[in-house]
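**Student:** Letter by letter, the sequence shown follows residues 31 to 435 in the numbering used here.
Take a look at the following structure, please.
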Amino acid sequence: MDLRAFEQRILSGGRLTGDEALQLYRHAPTYWLGRMADAVRAKKHPGGQVTYIIDRNVNYTNVCVARCNFCAFYREVGHSDGYVLGFEEIFKKIEETQALGGVQLLLQGGHNPDLPLKWYEDLFRAVKQRFPEFKLHALSPPEVLHIAKMSKLPVAEVIRRLIAAGLDSIPGGGAEILVDRVRKLLNCYGKATADEWLGVMREAHLAGLRTTATMMYGTVETDEERLEHMLRLRALQDETGGFTAFITWSFQPEHTELGAAHSISEATGVEYLRTLAIARLVLDNFDNLQASWVTQGGKVGQLSLAFGANDMGSVMIEENVVRAAGAAYCMDEVEIVANVEDAGYMPMRRNMHYELLGAPVFRDREVPRMLSLAKARSEGDTSVPEELKNYPARSRAGKQQRLAN
Ligand code: SF4
31 MDLRAFEQRI LSGGRLTGDE ALQLYRHAPT YWLGRMADAV RAKKHPGGQV TYIIDRNVNY
91 TNVCVARCNF CAFYREVGHS DGYVLGFEEI FKKIEETQAL GGVQLLLQGG HNPDLPLKWY
151 EDLFRAVKQR FPEFKLHALS PPEVLHIAKM SKLPVAEVIR RLIAAGLDSI PGGGAEILVD
211 RVRKLLNCYG KATADEWLGV MREAHLAGLR TTATMMYGTV ETDEERLEHM LRLRALQDET
271 GGFTAFITWS FQPEHTELGA AHSISEATGV EYLRTLAIAR LVLDNFDNLQ ASWVTQGGKV
331 GQLSLAFGAN DMGSVMIEEN VVRAAGAAYC MDEVEIVANV EDAGYMPMRR NMHYELLGAP
391 VFRDREVPRM LSLAKARSEG DTSVPEELKN YPARSRAGKQ QRLAN
């Protein structure tokens with residue numbers, strides 16, 4: 031392998047083929063991958079700024095019919111721990127987020143058969159009526175697909191209606207690995223095939239929305255399949271230019287069916303850094319790569335800034351999904367800023383479009399420290415939101431619950 035030739039090509043902006051990327055991913059020294067990824071990052075972001083967003087990750091329901099075997103978060107329909115957040119609870123979370131300087135909700139949840147499209151439309155409209163400037167980064171492609179299937183409407187029509195109700199952008203969740211062999215083994219082929227996931231993103235981009243893209247690695251996929259995932263994202267980005275950022279994290283095996291069945295242990299920090307670096311080299315048409323400190327911890331998150339990342343993602347106020355699978359890292363704005371500055375960069379707040387919003391909020395005014403993560407529902411809280419009875423349920427358990435309410 032002629033690393034010098036690769037170096038010349040990468041530094042002059044040349045594109046890597048899948049085979050070349052695989053060779054580098056498998057055999058290039060880690061320090062070299064980092065040096066190349068860092069050079070590409072510096073070229074795209076020459077100002078030495080590292081961005082982050084203050085938003086809140088709210089999971090509006092944990093009830094899900096998809097049953098992905100890598101997921102420790104979902105509860106089956108009718109399960110006593112299943113919940114749907116009420117509109118008032120969501121408003122309260124927005125107020126708490128705004129008090130910390132937050133600008134948006136990252137709103138995602140399970141595939142709940144008892145929440146029709148109208149519930150989402152009413153929620154989005156109600157949020158926008160109370161908080162007109164607040165942004166809704168909501169509903170990953172499989173959720174959009176689930177709503178489209180339930181409503182018997184084309185994906186484009188569902189996206190159009192959600193935008194009319196207040197949807198601002200779509201998070202790239204549910205991508206896992208965009209290869210159907212892997213999706214079948216993870217039991218997530220039913221929620222969205224690779225083509226369907228990309229199809230929802232294409233429709234969203236055509237409708238004018240910006241979205242992110244993600245990759246969860248470290249389950250049953252091969253190195254080739256990780257790269258195929260990246261190449262499929264690169265191809266769609268060539269076509270639409272609609273992705274703002276790429277985020278990758280490793281599978282969190284604790285409490286999951288997949289982790290127990292295959293004794294899969296979590297991928298190492300070095301593997302994470304190599305994967306991030308190769309993503310920076312392959313995804314030459316993506317401007318932003320986030321550091322996934324929520325799964326890797328603050329210090330690997332900080333190291334990510336030398337392996338291609340230019341963004342620290344979100345200040346964590348609430349997390350329910352990866353925490354259910356054992357990851358529980360929490361950093362508030364003060365800690366994110368300390369990590370960025372210690373690594374030699376200038377921290378800047380941003381919005382979902384990566385427009386700069388200013389210096390850290392806590393330097394302007396006093397904000398409460400967030401040193402532990404909030405949770406969607408405390409254990410055993412089975413309260414049912416009042417407004418749910420306005421929406422017809424599809425499942426037998428949902429119908430019974432509505433009648434009893
Ligand atoms: S990952 Fe999402 S879609 Fe899959 S089971 Fe969990 S909540 Fe449901």
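The C-beta atom is built at its ideal place from N, Cα and C for all residues, glycine as well.
Just so it is clear, the structure is predicted and the values come from calculations on it, not from any experiment.
If you run the structure through DSSP and keep just helix, strand and coil, what is Thr47?
**Tutor:** coil
**Student:** Which stretch, first to last residue, makes up the beta strand (DSSP E) that contains Tyr247?
**Tutor:** Arg240 to Tyr247
**Student:** Between Cys360 and Met342, how many whole angstroms is the CB-CB distance? I'm expecting something under 8 Å.
**Tutor:** In fact, because the Cβ distance is near 13 Å, the residues do not count as touching under 8 Å.
**Student:** Among all the DSSP beta bridges, which residues are the ones paired with Arg380?
**Tutor:** Leu386
**Student:** Hey, how far is the Cα of Leu63 from the Cα of Leu54?
**Tutor:** Taken atom to atom, the span from the alpha-carbon of Leu63 to that of Leu54 is near 8 Å.
**Student:** Are Arg240 and Gly196 closer than 8 Å when you measure CB to CB?
**Tutor:** no
**Student:** Is Leu145 helix, strand or coil when you go by DSSP?
**Tutor:** coil
**Student:** Closer than 7 Å to a non-hydrogen atom of the ligand SF4 - does that hold for the CB of Gly202?
**Tutor:** no
**Student:** Looking at Asp68: is its Cβ nearer than 8 Å to the Cβ of Ala336?
**Tutor:** Contact check for Asp68 against Ala336 passes: the beta carbons are separated by less than 8 Å.
**Student:** On the CB-based measure, 16 or more other CB atoms within 10 Å of its CB, does Ser280 come out buried or exposed?
**Tutor:** buried
**Student:** I'd like to know whether the C-beta atoms of Pro146 and Pro398 end up nearer to each other than 8 Å.
**Tutor:** Not in contact: Pro146 and Pro398 (Cβ atoms no closer than 8 Å).
**Student:** Which stretch, first to last residue, makes up the beta strand (DSSP E) that contains Arg86?
**Tutor:** Gln79 to Asn89
**Student:** Does DSSP put Ile200 in a helix, a strand or coil?
**Tutor:** strand
**Student:** CB of Arg393 to nearest heavy atom of the ligand SF4: below 7 Å?
**Tutor:** no
**Student:** Is there at least one non-hydrogen atom of the ligand SF4 closer than 7 Å to the beta-carbon of Ser179?
**Tutor:** Reading the sequence as shown, one finds Lys at residue 179 and not Ser. No, the ligand SF4 has no heavy atom inside 7 Å of this Cβ.
**Student:** Whole angstroms is fine: what's the gap from Ser402's alpha carbon to Thr412's?
**Tutor:** Rounded to whole angstroms, Ser402 to Thr412 spans 23 Å at the Cα level.
**Student:** Leaving out five residues before and five after Asn350 in sequence, what residues of the same chain have Cβ atoms less than 8 Å from its Cβ?
**Tutor:** Asn87, Asn89, Asn92, Phe103, Lys405 and Ala406
**Student:** Any heavy atom of the ligand SF4 closer than 7 Å to the Cβ of His75?
**Tutor:** Placement of the Cβ of His75 at a distance of 7 Å or more from every heavy atom of the ligand SF4 is found.
**Student:** With a threshold of 8 Å on Cβ separation, who are the neighbours of Leu387 within its own chain once the five nearest residues in sequence on each side are excluded?
**Tutor:** Val133, Met378, Arg379, Arg380 and Asn381
**Student:** Give me the DSSP bridge partner(s) of Thr278.
**Tutor:** Met245
**Student:** Assuming Leu313 contacts Arg262 under a Cβ cut-off of 8 Å, what Cβ separation, rounded to an integer in Å, is found between them?
**Tutor:** Contact flag wrong, Cβ pair sits at about 11 Å.
**Student:** Could you pull out every residue in the same chain whose Cβ sits closer than 6 Å to the Cβ of Ala307, ignoring the five residues on either side in sequence?
**Tutor:** Cβ-Cβ distances below 6 Å link Ala307 to Leu63, Gly64, Ala67, Phe337 and Gly338 in the same chain, with the five nearest sequence neighbours on each side left out; the list follows chain order.
**Student:** Taking only runs of the alpha helix (DSSP H) that begin and end inside the segment 129-178, which ones reach a length of at least 4 residues, in chain order?
**Tutor:** Complete alpha helix (DSSP H) runs here, min 4: 147-160.
**Student:** Do Thr278 and Thr242 have their CB atoms nearer than 8 Å?
**Tutor:** no
**Student:** Have a look at the DSSP bridge pairing and note the partners of Phe273.
**Tutor:** Thr241
**Student:** With 8 Å as the threshold, decide whether the Cβ of Asp317 is near any Cβ in chain B.
**Tutor:** The question asks about chain B, but that chain is absent: this structure has only one protein chain.
**Student:** When the Cα of Pro415 is compared with those of Ala434, Arg424 and Ser425, which residue comes out closest?
**Tutor:** Ala434
**Student:** Anyone know if the C-beta pair for Gly203 and Ser170 falls short of 8 Å?
**Tutor:** yes
**Student:** Less than 7 Å separating the Cβ of Ala96 from some heavy atom of the ligand SF4?
**Tutor:** Yes, the beta carbon of Ala96 sits closer than 7 Å to at least one heavy atom of the ligand SF4.
**Student:** Below 8 Å on the Cβ atoms is my contact criterion, and I expect Val212 with Glu251 to pass it. Report the Cβ-Cβ distance as a whole number of Å.
**Tutor:** 5 Å
**Student:** What do you get for Thr305, buried or exposed, if any count of 16 or more other CB atoms within 10 angstroms of its CB means buried?
**Tutor:** buried
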